[in-house]
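J.: Quick one: the structure is below, questions incoming.
2 protein chains.
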Amino acid sequence: MENTQRQVPAPAPAPTPRRRKGAEAILEAAEVLFAERGYNAVPVSAIAARAGVSKANVFHHFGTKDRLYLAVLRRACGAATQVWHERMAGDGAFDARLRHAAGAHLRHLLEQEEVSRLLLREVVENGPRRGAELAEKVFDEHFDGLVRMIRDGQRNGELREDADVSVVAALLLGADVFFFLARSVLIHMKAATFASDPERYSDLIAEYLFSGLAPTHK
Amino acid sequence: MENTQRQVPAPAPAPTPRRRKGAEAILEAAEVLFAERGYNAVPVSAIAARAGVSKANVFHHFGTKDRLYLAVLRRACGAATQVWHERMAGDGAFDARLRHAAGAHLRHLLEQEEVSRLLLREVVENGPRRGAELAEKVFDEHFDGLVRMIRDGQRNGELREDADVSVVAALLLGADVFFFLARSVLIHMKAATFASDPERYSDLIAEYLFSGLAPTHK
DNA sequence: TCCGGATCTGACCGTCCGGTCAGCATAGCG
DNA sequence: CGCTATGCTGACCGGACGGTCAGATCCGGA
Chain V
112 MENTQRQVPA PAPAPTPRRR KGAEAILEAA EVLFAERGYN AVPVSAIAAR AGVSKANVFH
172 HFGTKDRLYL AVLRRACGAA TQVWHERMAG DGAFDARLRH AAGAHLRHLL EQEEVSRLLL
232 REVVENGPRR GAELAEKVFD EHFDGLVRMI RDGQRNGELR EDADVSVVAA LLLGADVFFF
292 LARSVLIHMK AATFASDPER YSDLIAEYLF SGLAPTHK
Chain B
112 MENTQRQVPA PAPAPTPRRR KGAEAILEAA EVLFAERGYN AVPVSAIAAR AGVSKANVFH
172 HFGTKDRLYL AVLRRACGAA TQVWHERMAG DGAFDARLRH AAGAHLRHLL EQEEVSRLLL
232 REVVENGPRR GAELAEKVFD EHFDGLVRMI RDGQRNGELR EDADVSVVAA LLLGADVFFF
292 LARSVLIHMK AATFASDPER YSDLIAEYLF SGLAPTHK
């Protein structure tokens, strides 16, 4: 696994714009397959076949299956944070922004299902190991963005002063992740009426969180 | 995979109390290893070694690696629901019961870390496939128990009448699952102050959910 | 046109893994 | 004591997989 790579010792510090023909195709194929079946269950030959190149070519570009996986993770992280940043805008009342953030995040998870599953799996499989720095990075950025947004609302007096903003952020993200994880199971359950309606789900989440579940003060 | 099993065609409709010597050891070893590394990354030989039996013995008892995995899942499901039921008791005011449920569930996840990771992985990896009926069963029971508890509170007027109980349950469970999943990542983050204190976390979760995050009505 | 480096490939290798099988050992029984 | 059923094992097999290698092809520059 720590073999002598012939050439390409440090192939491209920044991803060079030109070149990259087969490499991109390989990355795309690998992303889909890894997300679908996980690292161990995907042979390099399958990735090569899907990308329309030879197996040896995969090793030519990435040296190791492990390095390919890392590259896929890196790419996925980049894409994820990019979309997320575009989405995190929002103004208006605080509860509206809560609703906006929760909805945007859930939509993001569902739209980028493959990437989401890939990163999520990475967290489940090996919390601090392997590409932890990567997953952690996305995770960190997302989490911090949300925390900042909530803290702003708190500073403006739109949120209880004694609230722990990071716990609030965890509640929001957790609710979305739970939906993403569990929807395939929930959809078969009578008790869960929300499983097929993510919009309504995140709206309710935000509303309950903001207004509380106590009986309406009459 | 669909080979002729010599004996034991329907070995024990209910798990027979006697026999079971090596089999139990194999199940235990497999549970730990599968939880740690996942199905594909664990060779049968490793399970056999850990259980102190020969590889062939594993096949003698379970016929297939796949069937062994199923058996592990089944066992884990049983243990999980049992503990859960013991925990779901609780009386007092509704918000106290909310807090109790959230805390108990999170404690349950953390104490049974291996089993939790096993089942969680099963949901992430293949939502509706393979042992879905199993994971779904635990999931269903847990979720339904929580939903019932919340609905009871609602009937007693301790909870907003218009609240969707299943969404509330999802919020609670999601928050806990998120904690379980993310704690290894969160623990390295400055923003998350709660990562090392599950008790406080679930207390806050329940309180925010019940009282809401709106500025305190003065 | 020739050259050199990069891209790409088919064929191959060593290893590991799931699963099989023929037989050993032990325990219950006559 | 012998017979048999059965838990159990070492040795083995076929296939798949990660990775290598020698060379074919392509392409830009001198």
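Chains as they are written, first to last, in my numbering: chain V, 112 to 329; chain B, 112 to 329.
Note that beta-carbon positions come from the ideal geometry of N, C-alpha and C, so glycine has one too.
Determine the chain B residues that contact I158 (chain V) at a beta-carbon separation under 8 angstroms, and present them in chain order.
T.: Under the 8 angstroms cutoff, chain B gives no residues; its nearest Cβ is about 16 angstroms from I158 (chain V).
J.: Exposed or buried, which one is I158 (chain V) when buried takes at least 16 other CB atoms within 10 Å?
T.: With 16 or more Cβ atoms within 10 Å of its Cβ, I158 (chain V) is classed as buried.
J.: Do I298 (chain V) and A306 (chain V) have their C-beta atoms within less than 8 angstroms of each other?
T.: The answer is yes: Cβ separation under 8 angstroms.
J.: Please go through the segment 219-272 of chain V and give each complete alpha helix (DSSP H) segment of 4 or more residues, from N-terminal end onward.
T.: Complete alpha helix (DSSP H) runs here, min 4: 224-236, 243-266.
J.: In chain B, which residues lie less than 9 angstroms from S227 (chain V) when you measure between Cβ atoms?
T.: Chain B residues near S227 (chain V): none, gap ~10 angstroms exceeds 9 angstroms.
J.: I need the straight-line Cα distance from A190 (chain B) to E244 (chain B), nearest angstrom please.
T.: For A190 (chain B) and E244 (chain B), the distance between alpha carbons rounds to 16 angstroms.
J.: How far does the alpha helix (DSSP H) with Y180 (chain B) in it extend, from its first residue to its last?
T.: 176-198 is the span of the alpha helix (DSSP H), which, as asked, contains Y180 (chain B).
J.: Is the segment 202-219 of chain B touching the segment 303-318 of chain B, taking contact as three or more C-beta pairs under 8 angstroms?
T.: Yes, the segment 202-219 of chain B is in contact with the segment 303-318 of chain B.
J.: On a CA-only basis, which of V:A302, V:L181, V:D251, V:R198 is nearest A302 (chain B)? Give me that one, please.
T.: The option with the nearest alpha carbon to A302 (chain B) is V:D251.
J.: Against chain V, with Cβ distances strictly below 8 angstroms, would L184 (chain B) count as a contact?
T.: No, because no Cβ of chain V sits closer than 8 angstroms to the Cβ of L184 (chain B).
J.: For the pair the segment 269-279 of chain B and the segment 179-186 of chain B, tell me if three or more CB-CB distances fall below 8 angstroms.
T.: Taking 8 angstroms as the limit for Cβ pairs, the verdict is that the segment 179-186 of chain B does not touch the segment 269-279 of chain B.
J.: For A152 (chain B) versus N151 (chain V), is the C-beta distance shorter than 8 angstroms?
T.: Yes, Cβ-Cβ distance for A152 (chain B) and N151 (chain V) is below 8 angstroms.
J.: Which one of V:G174, V:A146, V:H211 has the shortest CA to CA distance from K233 (chain V)?
T.: With the sequence shown as reference, residue 233 (chain V) is identified as Glu, and Lys is not the correct amino acid for it. Of the listed residues, the one whose Cα sits closest to E233 (chain V) is V:A146.
J.: Distance, Cα to Cα, L282 (chain V) vs E236 (chain V)?
T.: One C-alpha to the other measures close to 22 angstroms.
J.: With a threshold of 7 angstroms on Cβ separation, who are the neighbours of V276 (chain B) within its own chain once the five nearest residues in sequence on each side are excluded?
T.: Answer for V276 (chain B): V258, I261, R262, Q265, listed in chain order.
J.: Out of B:A213, B:K176, B:L138, point me to the one whose CA is closest to R161 (chain B)'s CA.
T.: That would be B:L138, whose Cα lies nearest to the Cα of R161 (chain B).
J.: Using a Cβ-Cβ distance under 8 angstroms, would A286 (chain V) count as near chain B?
T.: Cβ-Cβ to chain B under 8 angstroms: yes for A286 (chain V).
J.: How is S322 (chain V) classed by DSSP in three states: helix, strand or coil?
T.: Three-state result, S322 (chain V): helix.
J.: Taking a contact to mean a Cβ-Cβ separation below 8 angstroms, would you say F321 (chain B) touches P309 (chain B) in this structure?
T.: Their beta carbons are not under 8 angstroms apart, which means F321 (chain B) does not touch P309 (chain B) by this criterion.
J.: Output the distance between the C-alpha atoms of E197 (chain B) and A134 (chain B), rounded to the nearest integer angstrom.
T.: Distance between the alpha carbons of E197 (chain B) and A134 (chain B): 27 angstroms.
J.: Would you verify that the beta carbon of T304 (chain V) is, or is not, closer than 8 angstroms to some beta carbon of chain B?
T.: Chain B, which has a Cβ nearer than 8 angstroms to the Cβ of T304 (chain V), makes this yes.
J.: Quick one: what's got a C-beta closer than 6 angstroms to K176 (chain V)'s C-beta in the same chain, skipping five residues either side?
T.: Answer for K176 (chain V): V155, listed in chain order.
J.: Give a yes or no on whether 8 angstroms exceeds the smallest Cβ distance from E269 (chain V) to chain B.
T.: Answer yes: the Cβ-Cβ gap between E269 (chain V) and chain B drops below 8 angstroms somewhere.
J.: Which residues in the same chain as G288 (chain B) place their Cβ atom closer than 8 angstroms to its Cβ, once the five residues preceding and following it in sequence are excluded?
T.: Per the sequence presented here, residue 288 (chain B) reads as Val, with Gly not at that position. Answer for V288 (chain B): L220, L231, listed in chain order.
J.: Between the C-alpha atoms of A325 (chain B) and N168 (chain V), what's the straight-line distance to the nearest angstrom?
T.: Approximately 58 angstroms between the Cα atoms of the pair.
J.: At 9 angstroms on the CB atoms, spell out the chain V contacts of R232 (chain B), in chain order.
T.: Neighbours of R232 (chain B) on chain V, chain order: R232, V235, E236.
J.: What residues of chain V sit near F170 (chain B), judged by a beta carbon separation below 9 angstroms?
T.: What F170 (chain B) touches in chain V: nothing, since even the nearest Cβ is about 21 angstroms away.
J.: Count the other CB atoms, across all protein chains shown, that sit within 10 Å of the CB of E142 (chain B); report buried if there are 16 or more and exposed otherwise.
T.: It is buried - the Cβ of E142 (chain B) has at least 16 other Cβ atoms within 10 Å.
J.: Beta carbon of F205 (chain B): closer than 7 angstroms to some heavy atom of the ligand MG?
T.: Within the structure as shown, the ligand MG is missing, as the structure has no ligands at all.
J.: Leaving out the 5 sequence neighbours to the left and right, which residues in its chain are closer than 6 angstroms to G163 (chain V) when beta-carbon positions are compared?
T.: There are no such residues.
J.: Name the chain B residues that come within less than 9 angstroms of M260 (chain V), Cβ to Cβ?
T.: Simply none; closest approach about 12 angstroms.
J.: Measuring only between beta-carbons, confirm whether D263 (chain B) sits less than 8 angstroms from chain V.
T.: It does not: the Cβ of D263 (chain B) has no partner Cβ on chain V nearer than 8 angstroms.
J.: On the CB-based measure, 16 or more other CB atoms within 10 Å of its CB, does S165 (chain B) come out buried or exposed?
T.: Result: exposed.
J.: Residues in its own chain within less than 6 angstroms of T192 (chain V) by CB, not counting five upstream and five downstream?
T.: The answer, listed in chain order, is V249, E252.
J.: Could you work out which residue in V:A293, V:L217, V:V278 is closest to R311 (chain V) when comparing CA atoms only?
T.: When each option's Cα is compared against that of R311 (chain V), the closest is V:L217.
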